[in-house]
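Heads up, the thing below is written out as structure tokens.
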Amino acid sequence: MPAIPKKKQQTIHLAVWDHKHGSDMSAHTTENGAFKQCVDWAREALEEWQDDSYKSYTDEDLYSSWGDITGFTEFFRVDTVLLKEDAVDEKEEWIADTSHIGA
13 MPAIPKKKQQ TIHLAVWDHK HGSDMSAHTT ENGAFKQCVD WAREALEEWQ
63 DDSYKSYTDE DLYSSWGDIT GFTEFFRVDT VLLKEDAVDE KEEWIADTSH
113 IGA
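Here you go:
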């Protein structure tokens with residue numbers, strides 16, 4: 013009997029920006045893509061902070077210094093999430109009860 017190949021577990025990487033208005037989130041296929049999204053958000057927000065001294069920071073320095081820059085009121089992170097595959101039971105049939113309609 014041939015071996016059944018295992019499915020490769022897939023992950024997504026979430027770029028998360030926690031700030032005074034809530035949280036922004038963006039899903040990516042790579043950790044680097046999520047990191048770059050956080051850096052893009054930071055560079056766009058630098059204008060709001062009106063401080064040009066951080067414009068020369070490398071991406072890594074800007075990401076890791078964001079708490080210092082914002083007085084620890086905003087934070088970036090990249091969360092890696094394992095995708096779960098929902099079990100599908102093809103035998104199960106769902107029927108809506110519509111007997112109450114038009115009563």
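Position one of the sequence shown corresponds to residue 13 (the working numbering), numbered consecutively onward. Built from N, CA and C at the ideal position, the CB exists for glycine as well. The structure displayed is predicted, hence computed values, not measured ones.
Checklist entry - Ordered along the chain, which non-local residues of its own chain (more than five positions away) have a Cβ less than 6 Å from that of Trp29? => result Asp36, Trp53 and Phe88
Checklist entry - In whole angstroms, what separates the C-alpha of Arg55 from that of Ile24? => result 23 Å
Next on the checklist: Less than 8 Å between C-beta atoms, sequence neighbours within five positions excluded: which residues of the same chain meet that for Tyr66?
Outcome noted: Leu58, Leu74, Ser77 and Ile81
Item to check | Sub-7 Å separation of Leu26 and Asp71 beta-carbons | outcome: no
Next on the checklist: Can you give me the C-alpha to C-alpha distance between Tyr69 and Trp61, rounded to a whole angstrom?
Outcome noted: 15 Å
Next on the checklist: Going by DSSP in three states, Ser68 sits in which element: helix, strand or coil?
Outcome noted: coil
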